[in-house]
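In order, the protein sequence lines correspond to chains A and B. Per the working numbering, the first sequence starts with residue 5, numbered consecutively. Per the working numbering, the second sequence starts with residue 537, numbered consecutively.
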Amino acid sequence: MSIFDDHKKLYPIAGLLFLTLTIIVVIAPALTNQKNNAPLPGSRPLSKSEKAGKLVYIAEGCVGCHSQQVRNVEMDKMWGSRPGMAADYANIGRTSILQNTATLMGTERTGPDLTDVGNRQPSLDWNLMHLFNPRAVVEQSIMPSYPWLFEIKKEPAKWEVVVPVPPQFLGGKEGKVVAKKEALDLVAYLQSLKQVPLPTGTKPMEFLFKTKKAKVAAAGTGGGEAKADAADGKALYATNCQSCHQENGEGLKGAFPPLKGSPIVMGENLELYVDIIMNGYDAKPEYGVMAGVGTNMEFNEHQVAAIINYERSSWGNNGKKVTPEEIKKIMDFVKIKAQQ
Amino acid sequence: MFNKIKIQQLLLTFFLMQNVLQAQSSKNYFATDGIDFLNLTLLLIFLGLIFLSIRKYLGFEKISNLVTKANHFANGHKNVRMEFANGGHHHHHSDGGKKCDSDCNNSSCKGSKTLGVIALLMFFSQGVFAQTNKMSDFSDLLSQPGIIITIVLMLIPLFLGGIFAIIKAQDSIRFLYAGKHKEHEGHDIELKNSRTEFEGLSNAGASQENANLSFQSADADILEGEDLIFNVSNKHEVHFTAVKKRSVKRPSLPPDITKLILWYLGFSVFWLIVGTGIGEYVGIKFVLPEADSISWLSFGRLRPVHTNIVFWGWASLGMIGLGYYVVPMVSNNSIFSIKLGWIALLCTNLMIIFGTICLMAGINNGGGEFREYIWPVMALFAVALILTLINFFMTVARRKTKEIYISNWYIVSSIIFTIIVALTAYLPFWQDGVSETIVQGYFMHSGVGMWFTLYTLGLLYYFIPQQLNKPIYAYSLGILAFWTQILFYTIIGTHHFIFAPIPWWLQTVGIVGSAGMIIPVVAAVLNYLMTFKGQWHKVTNTYTVPFFFVAVVYYFIVSIQGTAEAFKYTNLLWHFTDFTVAHAHLGFYGIITFAIWGGIYTIVPRLTGKEPIQMLVGAHFWLAFIGLLLYTIPLSVGATLRGLMWMEGAPFIDSVVMMFDWWLWRAIGGSLMFLSHLIFMYNFYQMTCKKNLELEEA
């Protein structure tokens, strides 16, 4: 094999082969892709504050634990209402002269995917508390805290954003936690992370690899299976409600109201209860604003009923059970009411 | 003969790829049939076939032989007969041609070698084309080919460890039993020693002629005669640890190149301590998230600091340092320029210092793994690589041998490829939107495969034959592995983004290429293991060979595991979990790091004339090895459970809580690994600075 005796042949040939392969599988498809993909009509560029927030997100290395991609597989359905597509990333260009494009798709999910976190967790208070110390809102969280995005002030100015952090998380310091600009920018960026709806008439890609379990969950708790009902409600609560109202149903003082012994949960006004789950709530000044979790997450009547039944039968609560049929009627009603 | 093997392999590859392509095409995308009884039976048959066809090469029938002979070690004697029983050519022929020669010039050998490769490939092709597209319950988990392959792979190191332990235990028993007859036996052996010396030398001469390889290079110690006299003692003392073969005095290199190599290796050791210290701390943060709340030390900023330091600081400097020994050595010439080496060393170190400061201050490139350094910092590394390339290429160009030795194909090519990879990854013209992800997949994969793996394979092609005192088994396998490695490894970067919104054809290419990786991996591993054949005792009686052996075994395990991870089901299960982290550590630690350690323990005593304390080398080896097992196995198990929880749609936070224990095990394993690095640092100090441990004249 003379090629292995001749360095003038061996290395150029090997290099050329590698370069050709590189062009075929990387450079050519990359060039084609950026030429052929346009942003969705419903998308908008990031605002100034959101852009600054994205830089904080990049600087802190959030991508090391949080992905931003919804794969077209059933198990990713919890992270978005439709699979991601190339168009979702089409308006992301080079970050700065020093920094490359940041799609921030990520390869690790030590923490949750954030593609659609703007819909899932829109509360400003929650996000700020969570950044100051994640364990203030999610006890078991292992996310780092970011106290350098905040200041502790004795007497904050009126225009400053005060975060209702419980005193045990202040590390013995006196005063109130005030969010710096970086923290507010970062939350603005997080809140901007929403899946853009497809243009009307366009069908999204299907989620593949459907599970038996997921089918059961979608069908809800029909058939009066009390056991499945309890399990499902608990999981739905943990995924959608627990980060604010807490696992023990006691909420967080000054931020999120308790559900344990709550007059709304235990009361007769089912319409108000369903309305809050579906469309959110902002009636009490001492607590933060609740987003329309149910609408954002596209709950059906089985899921709402499961959540209500779980909340009415946990932490010493002992309320009347509801059926999906009666919830269905109320949901239709509050939906019309919300649209008016 | 080479043509024949090529045609067979080409046909086979073609046939296999068809299966694979079909399995991954959109048509049977929704197929619902899983792996059935028939497939399982086929798997078993193929497993048996593999065993039958490669058994004789692996020298299994010699294990009993080995054990009997090994007990002479226990007596504190080195039985010289064994050297020749296993390594000498006359012995092979007396076995009735059952085993093939190490230079492999007889045809029946070629045929059965191919058969072995075919059997292996068929086994894995079953795994690939038996893809099932339905989501499985837990009970189906063990019927997933990807899972089965992975479990088998994970058991390999445990299995080898077990065999080793059994041999050791038997030795100890024999030692106790044989204690009485020691005096007499010792005398007997000495007589035999003097007899075999003549035989041995003539044999070694014959093997030199048969080997149509480039070992006319400086490796004069291919004469096995050197092995004859070490470790012979008339004192019968009890050793708590086995006494290993000592490093052999070699013709010394000029002081300027010695100094350059030692500084490269010295810096690599320094960065190993810094990088893995940070890694250890980052690992602890999983179980102690409130360990500190200083912005420069937060997890998100330190994680890339850890990965980049061990990549560029430890492994790259270590590899290049060893390259400065190997490249001129196998070219039978001196290095082209010492000065270029120093400039490259300075550039690399500056890159790591600046890069680390930038990352900790929050200035990074935008999130792509291993692409965290911004381009002005990375440009320093590009300069270092180009200088190194010039240096190595010119050294090869001025070589005094006719052929370019196989190590130099790998080493010089890997530098060329890495420059292309870095340019592709950092040039801004094709990075917008999803294109960034396409480039990212290519970069993180080729960065590992084209730089670290290719270069390290090149080093192993020098160190393994050299340490075993015999030529590499087959050049043809080396050629096959070289070209197929380039072909398949380059195209599979996208398998890091399966189901992401990048073109489906690219993902399919990624999966198919991952299956194709079996060819270079099996070829290279067979080549190394066949070189080990007949020299297995050197794994236990030298302190360098175990490191290389671990590197070879993990090269096989990790590469095949990588293939298994690219299958659809396993990808669903493991993607985004810590399984990837475990896999990365298996590869980077098990292959690259162990190979570099072996290299350092081999060449530094030669350069300085000073040896480390053998017991501490052993402590380093075992702590690192056990630490790696403790790190990777629990993490993989935990990650699998986590993937299952995600598939079942369990609340996310529950999967975080579940991982706690597994993360704790990871931190424990990581601590052992870090401890081993401290011992290694001390050993390095012994080999370079300590005054009193001069190497004896051989």
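For glycine and all other residues, C-beta sits at the position ideal for the given N, C-alpha and C.
Less than 7 Å separates the beta-carbon of GLY994(B) from that of ILE947(B).
Non-local C-beta neighbours of ARG1142(B) in its own chain, meaning closer than 7 Å and more than five positions away in sequence, comprise SER783 and ARG786, ordered along the chain. PHE1033(B) is the residue among PHE1033(B), ILE1093(B) and GLY1179(B) whose C-alpha sits nearest the C-alpha of ALA1102(B). Beta-bridge analysis with DSSP links LYS157(A) to LYS180(A). In this structure, DSSP gives VAL167(A) an extended state, which the three-state scheme calls strand. CA-CA distance, VAL1075(B) to SER950(B), rounds to 28 Å.
In this structure the segment 30 to 47 of chain A lies against the segment 965 to 977 of chain B, because at least three pairs of beta carbons, one per stretch, are closer than 8 Å.
Across the segment 51 to 66 of chain A, CB contacts with chain B closer than 7 Å involve ILE62, ALA63, GLU64, GLY65 and CYS66, in sequence order along the chain. THR105(A) has a beta carbon lying within less than 7 Å of a beta carbon in chain B.
Neighbourhood of PHE872(B) in chain A, by CB distance below 9 Å: empty, with the nearest CB roughly 12 Å away. By the C-beta density criterion, TRP163(A) is exposed, having fewer than 16 other C-beta atoms within 10 angstroms. For HIS134(A), the uninterrupted alpha helix (DSSP H) run begins and ends at 128 to 136, by DSSP. Across the set LEU1152(B), PHE822(B), THR1224(B) and GLY1154(B), the C-alpha of PHE822(B) shows the shortest separation from the C-alpha of GLN144(A). In this structure ILE685(B) touches ILE1096(B) by the C-beta definition: roughly 6 Å separates them, less than 8 Å.
Between GLU905(B) and MET980(B), the C-beta spacing is below 7 Å. MET209(A) sits exposed, since fewer than 16 C-beta atoms from the chains shown fall within 10 Å of its C-beta.
Between the alpha carbons of GLY237(A) and ASP80(A) lies a distance of about 20 Å.
Chain-order list of chain A residues neighbouring GLY1206(B): empty, with the shortest C-beta distance near 16 Å, by a criterion of under 7 Å. PHE1112(B) and THR111(A) have their alpha carbons spaced roughly 5 Å apart. In this structure, DSSP gives TYR285(A) an extended state, which the three-state scheme calls strand. Secondary structure of LEU274(A) (DSSP, three-state): helix.
The beta carbon of GLY983(B) lies closer than 7 Å to those of PHE906 and VAL957 in the same chain, with the five residues before and after it left out. Per DSSP, reduced to three states, the secondary structure at VAL74(A) is coil, with no helix or strand assignment. The beta carbon of VAL688(B) sits closer than 7 Å to none of the beta carbons in its chain outside the five residues before and after it. Between ARG837(B) and chain A, the shortest Cβ-Cβ separation is below 7 Å.
Residue state for THR206(A) is assigned as coil, using DSSP reduced to three classes. In the structure shown, LYS1006(B) adopts coil according to DSSP, grouped into three states. Where THR1168(B) is concerned, the enclosing alpha helix (DSSP H) starts and stops at 1150 to 1183.
About 7 Å separates the beta carbon of ILE7(A) from that of ILE17(A), a gap short enough to meet the 8 Å contact definition. DSSP places PHE906(B) in the coil class of the three-state scheme, outside both helix and strand.
In the structure shown, MET294(A) adopts extended strand secondary structure according to DSSP, grouped into three states. At least one CB atom of chain A sits nearer than 7 Å to the CB of ASN901(B). Under the rule that a run must span 4 or more residues, the alpha helix (DSSP H) segments found entirely inside the segment 1059 to 1101 of chain B read 1073 to 1077.
Residue-level contact by beta carbon fails for GLU302(A) and chain B, as no gap is shorter than 7 Å.
Per the C-alpha coordinates, the member of SER867(B), LEU798(B) and THR1116(B) positioned closest to LYS938(B) is SER867(B). Counting every other CB atom within 10 Å of its CB across the protein chains shown gives TRP1041(B) a total below 16, marking it as exposed.
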